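**Q** Chains as they are written, first to last, in my numbering: chain A, 219 to 356; chain B, 219 to 356.
Glycine included, each C-beta is placed from N, C-alpha and C at the ideal position.
These figures come from a predicted structure and were not determined experimentally.
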DNA sequence: TGACAAATGCAACTAAGTTGCATTATAATT
DNA sequence: AATTATAATGCAACTTAGTTGCATTTGTCA
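Right under this line is the structure:
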């Protein structure tokens, strides 16, 4: 938890209990979290006081500083995961579990190819695979 | 236009003027369209009578039958393009222009790789590159 | 410990998308 | 051409994600 405080200090953000809890939940979640997920998690610790405006503001602050990363899948809902390392996702259409994939090298080749063939200046990309996770495809 | 009527007949949908116009606009647009785009286009032909409920219902009907395809980019808004052929997109962060890319062969390799390494059953994927289009990067 | 800026709660708002119901239009049938 | 069943539409009310202005509270640092 002191790591998180340190991280906030570096980024000149105040280490408030709510902010620490938000970061902590996002960091320790195996799947990206949306506003509702976090609100119900936080309401347990904060006596049902959490308001969505705080959460949405926090998402903006933290993702602008790259402490968390915003993901948008096909349902159009914003979810957040810890950190800023780029990766790709396997998304189960049945149970919504999200698994991480590292395909950076493969994608670099593709980006190079596109660079060769177009004058488009790519700044980032998203790649998501949808289907059934091992337990839902039994 | 008779092609579209034919297409609707095959899919057992009535060829109403509104439906034909929606399909026609989506077919002839170089960039995917959302509800607002279509509503303002249609209001010119239909004396400002278009309601969003019709549009959203139409999107559902037409995309379930694969006459159009729903796309969701990072802003979370649903856009629609004609047909069902899978492709990838270059999206300009500045002017929002969307360009199509065909990378099917490259992606098939990636899917095969994932199949080898996981037990996830992929049914489809999305791949979008964000950045600046040639005219916006000048 | 005091002061200032940042963080929060609250409530009202916007905008995307949905739904039930009454009405209208299409297409197949006679 | 008239009839009819069904699909399509308009309307209005609703839901839900996300935003914003403002007053209050809380961390931080001098």
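Could you tell me the distance, in whole angstroms, from the CA atom of residue 312 of chain A to the CA atom of residue 346 of chain A?
**A** Distance between the alpha carbons of residue 312 of chain A and residue 346 of chain A: 15 Å.
**Q** Please return the same chain residues whose Cβ sits closer than 6 Å to the Cβ of residue 348 of chain B, not counting the five positions on each side in sequence.
**A** Same-chain partners within the cutoff: 309, 311.
**Q** Please list, in chain order, the chain B residues whose beta carbon lies closer than 7 Å to that of residue 328 of chain A.
**A** Result: 321, 324.
**Q** Keeping to the same chain, check which residues put their C-beta closer than 6 Å to that of residue 307 of chain B; ignore five residues upstream and five downstream.
**A** For residue 307 of chain B, where only same-chain residues beyond five positions count, the Cβ hits under 6 Å are 316, 346.
**Q** Please state if the CB of residue 286 of chain B and the CB of residue 264 of chain B are separated by a distance shorter than 7 Å.
**A** Cβ distance not < 7 Å, so residue 264 of chain B and residue 286 of chain B don't count as in contact.
**Q** Would you tell me roughly how many angstroms separate the C-alpha atoms of residue 295 of chain A and residue 235 of chain B, rounded to the nearest one?
**A** Straight-line Cα distance between these residues: approximately 33 Å.
**Q** Between B:335, B:354, B:356, which lies nearest to residue 351 of chain A when the distance is taken from Cα to Cα?
**A** Among B:335, B:354, B:356, the Cα nearest to that of residue 351 of chain A belongs to B:335.
**Q** Just the chain A side, please: which residues come within less than 9 Å of residue 290 of chain B by C-beta, in chain order?
**A** 290, 291, 292, 293, 294, listed in chain order.
**Q** Pairing CB atoms from the region 267-284 of chain B with CB atoms from the region 221-239 of chain B, are three or more of them under 8 Å?
**A** They touch, by the three-pair rule.
**Q** Would you say residue 240 of chain A reaches chain B, if we count a Cβ-Cβ gap shorter than 7 Å as a contact?
**A** With 7 Å as the cut-off, residue 240 of chain A does not count as an interface residue toward chain B.
**Q** Excluding sequence positions up to five away, which residues of its chain have a Cβ less than 6 Å from the Cβ of residue 245 of chain B?
**A** Excluding positions up to five away in sequence, the list reads 300.
**Q** Closest to residue 303 of chain B by C-alpha separation, out of B:341, B:354, B:320, would be which residue?
**A** The option with the nearest alpha carbon to residue 303 of chain B is B:320.
**Q** Can you give the Cα-Cα distance for residue 273 of chain A and residue 253 of chain A, rounded to whole angstroms?
**A** Going from the Cα of residue 273 of chain A to the Cα of residue 253 of chain A covers about 7 Å.
**Q** Could you tell me which whole alpha helix (DSSP H) segments of length 4 or greater appear in the region 275-321 of chain B?
**A** Correct list: empty.
**Q** According to DSSP, simplified to helix, strand and coil, what is residue 338 of chain A?
**A** Residue state, collapsed to three classes: coil.
**Q** Within 10 angstroms of the Cβ of residue 342 of chain A, are there 16 or more other Cβ atoms? Answer buried if so, exposed if not.
**A** Residue 342 of chain A is exposed by the Cβ-count criterion.
**Q** Assuming contact is defined by CB atoms lying nearer than 7 Å, are residue 276 of chain A and residue 240 of chain A in contact in what I supplied?
**A** Taking 7 Å as the Cβ cut-off, residue 276 of chain A and residue 240 of chain A qualify as a contacting pair.
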